[in-house]
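S.K.:
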Amino acid sequence: MEHLVFTHVPAAGFSAFDVELSVGAWGLVDVSGYEGTNQYALKPLGEAPVVVVLKLRLKWGIASLARAIEGAWSAKECDRKWDGCQKLLNAELGVAGMSNDVAKREAAARLQKLLLIGAGEGQTRLRYQQEVDFGRKQQLLISQGQAASDVALLGLGSVMLDIAQATDQLALAIGHGESAHAPYLRKAKATMACASAFGVVADMLGFMAEHGSAGADREQALALRGPLEELVARYPARAAGRLVEAPQAEAVTPPVT
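Numbering (our numbering), first residue to last: 4 to 260.
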């Protein structure tokens, strides 16, 4: 039976396959007795029917991809909020720096040097992980001493609280401390993992269709493999000539925050 290759299937194609797992032949495969939390089995998978193991492999792979996609999207939104808070802080310090009150001008100068980078918004061009570290450093610096007094004098408590919240939200979105990979790379790795899992499942079903016991066993394998064949057919490999003509279309550029 033909070997199916899923390397050209995009993340959206794998995500959409989640619907296929709940209908037709796949929908008839009951995994409830084996599916636990956090992608761990309730009981030994060695005791489960082969089709149950295959469905769980697809289902868990798609779930991991969905989390990676959500993280990539939410990271961008959280980054926009974080950048906005930093720009507001820069603007507030700029206004304070023009105050008629000498004490406020001096406080603004100290905080600009302590909390900002470059002309005041250099921190918004850091990468996600670095932004989280920078935001937490800001909170530490204003937690006591002269900086805490300066923040109070200039009435920046609300702005700094917004920065703290935006930093925590960004950290959660990118899995700060859990993964060193950027959100776009986590999504790419999850997509590749799905391509591998789908290929293994398709090969196993092909083996069962060719060598399983006659009748229902082979029919089920063919019915389960059908949607996988359709998925590959929807996303055929591009012709080599087309790739040569437009190589930049395939380039992946890390996001600059």
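Yeah, the Cβ is synthetic: ideal placement off N, Cα and C, and Gly gets one too.
Quick one, which of A196, A219, G49 has its alpha-carbon nearest A296's?
M.R.: Since the first residue of the chain shown is 4 and the last is 260, residue 296 is not available in this structure.
S.K.: Let's test the definition: count the other Cβ atoms within 10 Å of the Cβ of G244 and tell me whether it reaches 16, buried, or not, exposed.
M.R.: Its pLDDT being 38, under 50, G244 is placed unreliably in this model, and the coordinates cannot settle the point.
S.K.: Less than 8 Å between C-beta atoms, sequence neighbours within five positions excluded: which residues of the same chain meet that for A212?
M.R.: Cβ within range, chain order: M4, R221, A224, L225, R228.
S.K.: How is the alpha helix (DSSP H) around D220 delimited, first residue to last?
M.R.: 219 to 237
S.K.: Apply the 10 Å Cβ neighbour rule to F210 and answer buried if 16 or more other Cβ atoms are within range, or exposed otherwise.
M.R.: Counting Cβ neighbours within 10 Å, F210 comes out exposed, since fewer than 16 surround it.
S.K.: So, for A44: in the same chain, excluding its five sequence neighbours on each side, which residues have a beta-carbon less than 6 Å away from its beta-carbon?
M.R.: Only residues of its own chain outside the window of five on either side were considered, and among them Y37 have a CB closer than 6 Å to the CB of A44, listed in chain order.
S.K.: Going by beta-carbon coordinates alone, are G64 and F201 separated by less than 9 Å?
M.R.: yes
S.K.: So, helix, strand or coil for A44, using DSSP?
M.R.: Strand, per DSSP.
S.K.: Is it true that the CB of L173 sits closer than 9 Å to the CB of W85?
M.R.: Yes, Cβ-Cβ distance for W85 and L173 is below 9 Å.
S.K.: My output table needs one value for E38: the three-state DSSP class, helix, strand or coil.
M.R.: strand
S.K.: Check whether the segment 53 to 67 and the segment 19 to 30 touch, using three or more Cβ-Cβ pairs below 8 Å as the test.
M.R.: yes
S.K.: Which same chain residues end up closer than 6 Å to A193 when comparing Cβ atoms and leaving out the 5 residues on each side of it in sequence?
M.R.: S67, L68, A71
S.K.: Report the option in H6, L57, N41, E73 whose CA atom is closest to the CA atom of A14.
M.R.: E73
S.K.: Assuming R139 is part of the alpha helix (DSSP H), what are its boundary residues?
M.R.: 131 to 144
S.K.: Quick one: Cα of L91 to Cα of V162, how far?
M.R.: 8 Å
S.K.: Are three or more beta carbon pairs between the segment 98 to 109 and the segment 122 to 135 nearer than 8 Å?
M.R.: Segments in contact, no.
S.K.: Please determine, among R139, G158, L234, L156, the residue with the shortest C-alpha to C-alpha distance to A169.
M.R.: R139
S.K.: Between the Cα of G158 and those of L129, Y131, E95, G148, spot the shortest distance and give me the residue it belongs to.
M.R.: Closest in C-alpha terms to G158, from the list L129, Y131, E95, G148, comes E95.
S.K.: Going by DSSP in three states, V12 sits in which element: helix, strand or coil?
M.R.: coil
S.K.: Assign R189 to buried or exposed, taking buried as 16 or more other Cβ atoms, counted over all protein chains shown, within 10 Å of its Cβ.
M.R.: buried
S.K.: Nearest to S77 by alpha carbon, out of A240, S18, E233, D171?
M.R.: D171
S.K.: Entirely within the segment 40 to 104 and at least 4 residues each: give me those alpha helix (DSSP H) ranges in chain order.
M.R.: Runs of the alpha helix (DSSP H) inside the segment 40 to 104: 53 to 99.
S.K.: Can you tell me the Cα-Cα spacing of H11 and Q147, whole angstroms?
M.R.: 54 Å
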